[in-house]
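Take 494 as the starting number for the sequence shown in this note's numbering and just add one per residue. Beta carbons are placed, not taken as given, at the ideal position from N, Cα and C, and that holds for glycine.
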Amino acid sequence: KGILIQPLYVAVWKECKDIDPEGMMELLTHFRLAAKIQAEEYYDLDAPQYFVPAVLPLFYGDVSTPTTPGRLRATPLHITFSTKFVTPGYFTRLVTTIASFEVCKLYFEEGIYRNRVVFEFTPDDKQYNFVTLTELSYAIQVDK
494 KGILIQPLYV AVWKECKDID PEGMMELLTH FRLAAKIQAE EYYDLDAPQY FVPAVLPLFY
554 GDVSTPTTPG RLRATPLHIT FSTKFVTPGY FTRLVTTIAS FEVCKLYFEE GIYRNRVVFE
614 FTPDDKQYNF VTLTELSYAI QVDK
């Protein structure tokens, strides 16, 4: 699911005496390669949890298919770059930044991929909104 929890990363870096596991997670978070989140559906709430999109598989499906069947769909927005391609790592940093906001949750029911993430936003009016970000080779597609 792309969620790294404290018992796992402590066990992985246990063999490396020179690496402080908490310091490593702070470094990954600082460079927006990971985001500290709460995914209560899957893991212990007492242990720190991090969303790490780089460990996820790629999405190879049809990006024109609505993420939630039966939902009305607006024309997608495309964020394009003058270079005609998405800079490597930009999408990862974008989705980890969004995932770190408290009003935003990862929407696991739609599947979370390295290049496609669905977020569930809960604004003050308590109306749920879903936004899908998909990295295409030439742009980032935003669907609501």
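Distance between beta carbons of residue j and residue i, contact taken as under 8 Å
{"i": "residue 631", "j": "residue 578", "result": "6 Å"}
{"i": "residue 623", "j": "residue 600", "result": "6 Å"}
Alpha-carbon to alpha-carbon, residue j and residue i
{"i": "residue 498", "j": "residue 506", "result": "13 Å"}
{"i": "residue 518", "j": "residue 610", "result": "21 Å"}
{"i": "residue 613", "j": "residue 586", "result": "18 Å"}
{"i": "residue 526", "j": "residue 504", "result": "20 Å"}
{"i": "residue 521", "j": "residue 637", "result": "29 Å"}
{"i": "residue 583", "j": "residue 547", "result": "12 Å"}
Buried or exposed by the 16-neighbour rule on C-beta atoms within 10 Å, applied to residue i
{"i": "residue 628", "result": "buried"}
{"i": "residue 633", "result": "buried"}
Residues bridged to residue i [DSSP beta-bridge criterion]
{"i": "residue 623", "result": "613"}
{"i": "residue 542", "result": "498, 530"}
{"i": "residue 598", "result": "613"}
{"i": "residue 547", "result": "Residue 547 is not bridged to any residue."}
{"i": "residue 628", "result": "633"}
{"i": "residue 606", "result": "609"}
Residue interval of the beta strand (DSSP E) (run including residue i)
{"i": "residue 573", "result": "570-573"}
{"i": "residue 592", "result": "Not the beta strand (DSSP E): residue 592 falls in the alpha helix (DSSP H), residues 583-592."}
Endpoints, the alpha helix (DSSP H) within which residue i is located
{"i": "residue 505", "result": "499-505"}
{"i": "residue 519", "result": "514-523"}
Any chain C beta carbon closer than 9 Å to residue i
{"i": "residue 526", "result": "Protein chain content of the structure displayed is limited to a single chain, and chain C is not contained in it."}
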